[in-house]
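Colleague:
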DNA sequence: TTGACATGCAAGTATATACTTGCCTATTAT
DNA sequence: ATAATAGGCAAGTATATACTTGCATGTCAA
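Chains as they are written, first to last, in the numbering used here: chain G, 3 to 112; chain P, 3 to 112.
1) DSSP three-state call for residue 92(G): helix, strand or coil?
2) Starting from residue 76(G), trace the beta strand (DSSP E) in both directions and tell me its first and last residue.
3) Take residue 73(G) and list the residues in its own chain whose beta-carbon comes closer than 8 Å to its own, dropping the five residues that flank it on each side.
4) Flag this pair as yes or no: are the beta carbons of residue 15(P) and residue 22(P) separated by less than 7 Å?
5) Assign residue 34(P) to one of three DSSP states: helix, strand, or coil.
6) DSSP puts residue 64(P) in a beta bridge; with which residues?
7) Here's the rule I'm using: 16 or more other beta-carbon atoms within 10 Å means buried, otherwise exposed. How should residue 13(P) be labelled?
8) How big is the Cα-Cα spacing for residue 50(P) and residue 48(G)?
9) Can you give the Cα-Cα distance for residue 92(P) and residue 28(G), rounded to whole angstroms?
10) What number of angstroms, rounded off, separates the C-alpha of residue 81(P) from the C-alpha of residue 69(G)?
11) Is residue 55(G) helix, strand or coil when you go by DSSP?
12) Which one of 88(G), 83(G), 30(G) has the shortest CA to CA distance from residue 61(G)?
13) Measure from the alpha carbon of residue 6(P) to the alpha carbon of each residue in 6(G), 31(G), 19(G), then state which is nearest.
14) Checking contacts by CB at 7 Å: is residue 57(G) closer than that to chain P?
15) Give me the chain P residues within the contact set of residue 1(G), using Cβ-Cβ distance strictly less than 8 Å, ordered along the chain.
16) Since residue 8(P) is in the alpha helix (DSSP H), which residue starts that stretch and which ends it?
17) If I measure Cβ to Cβ from residue 59(P) and keep anything under 6 Å in the same chain, skipping five residues before and after, which residues do I get?
18) Decide if residue 40(G) is buried, meaning its Cβ has at least 16 other Cβ atoms within 10 Å, or exposed.
19) According to DSSP, simplified to helix, strand and coil, what is residue 25(G)?
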């Protein structure tokens with residue numbers, strides 16, 4: 003397979019529903035083991051392992067071993083980079099973007 | 003092929019270097035014809051057509067016919083949705099995110 | 001009305017992807 | 001020591017993806 007750029011690794015990692023679900027699961031609870039993550043996907047352990055490997059390659063997930071357990075941690079830095087490079091840049095009406103941000107920061111989810 | 007969710011269509015559309023290049027080209031100049039877009043990709047016209055179809059399916063590109071020419075327009079709304087659903091939510095340290103936004107809005111690129 | 005231009009449609013191929021099954025290894029608990 | 005647990009590695013399969021080539025169609029200009 004040809005070497006993929008960071009952006010390719012990242013977007014391809016995000017381009018699968020199962021992998022996005024894994025990110026959601028880690029967002030809900032960080033540092034889960036492979037076994038824990040498997041419980042939420044209708045898929046064999048190997049399938050999940052392979053998805054996690056893709057997320058690792060994209061640097062969206064980091065791993066730490068604890069004995070025989072493999073702990074998985076979310077890394078959100080690449081997502082920030084997606085924003086900087088592919089979303090911020092494409093915000094056509096700049097003021098609209100600004101106002102929607104203000105709305106989010108002031109009103110929402112705080 | 004199984005029906006894909008909006009998010010799938012969107013991320014898969016973004017998960018190809020050629021398609022991202024097309025988006026960049028349309029960002030540089032909106033409303034280009036197929037022929038114009040072809041000039042920047044080392045690929046046959048059909049290849050480009052197929053990539054554009056993927057972008058259309060993801061609602062990232064909109065099309066208008068002018069006589070025999072097909073004009074392509076960027077639609078940034080789905081990118082905004084990526085931000086709302088996949089980036090904003092995952093900004094782990096909320097205050098850091100806020101400060102980097104402030105930096106962008108006040109200092110940068112203005 | 002004929003030719004050149006802009007694009008569409010269909011089929012074919014090679015590679016990549018998403019998954020599985022089967023077996024191997026390392027850690028932990030009894 | 002042994003068995004259960006947590007996970008790794010490799011190979012195999014089916015489907016999807018990224019392309020290509022060849023031919024057909026609609027539009028414009030002379």
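Just so it is clear, CB atoms sit at the ideal spot from N, CA and C, and this is done for glycine as well.
Modeller: Once the coordinates are examined:
1) Here residue 92(G) sits in coil by DSSP.
2) Start and end: 71-76.
3) 33, 34, 35, 65, 66, 67.
4) Not in contact: residue 15(P) and residue 22(P) (Cβ atoms no closer than 7 Å).
5) In this structure, residue 34(P) counts as strand in the three-state DSSP scheme.
6) Its beta-bridge partners are 75(P).
7) A buried status is given to residue 13(P), since no fewer than 16 other beta-carbon atoms sit within 10 Å of its beta-carbon.
8) Cα to Cα, the separation comes out at about 36 Å.
9) Approximately 10 Å between the Cα atoms of the pair.
10) Looking at the two C-alpha atoms, the distance is approximately 41 Å.
11) Helix.
12) Closest option to residue 61(G), Cα to Cα, is 83(G).
13) Measuring C-alpha to C-alpha distances from residue 6(P) to each of 6(G), 31(G), 19(G) identifies 19(G) as the nearest.
14) Not an interface residue.
15) No answer is possible for residue 1(G): it lies beyond the span of chain G, which begins at 3 and ends at 112.
16) Start and end: 8-16.
17) Around residue 59(P): 11.
18) Only buried fits residue 40(G), as 16 or more other CB atoms lie within 10 angstroms of its CB.
19) In the three-state DSSP reduction, residue 25(G) falls in the helix class (H, G or I).
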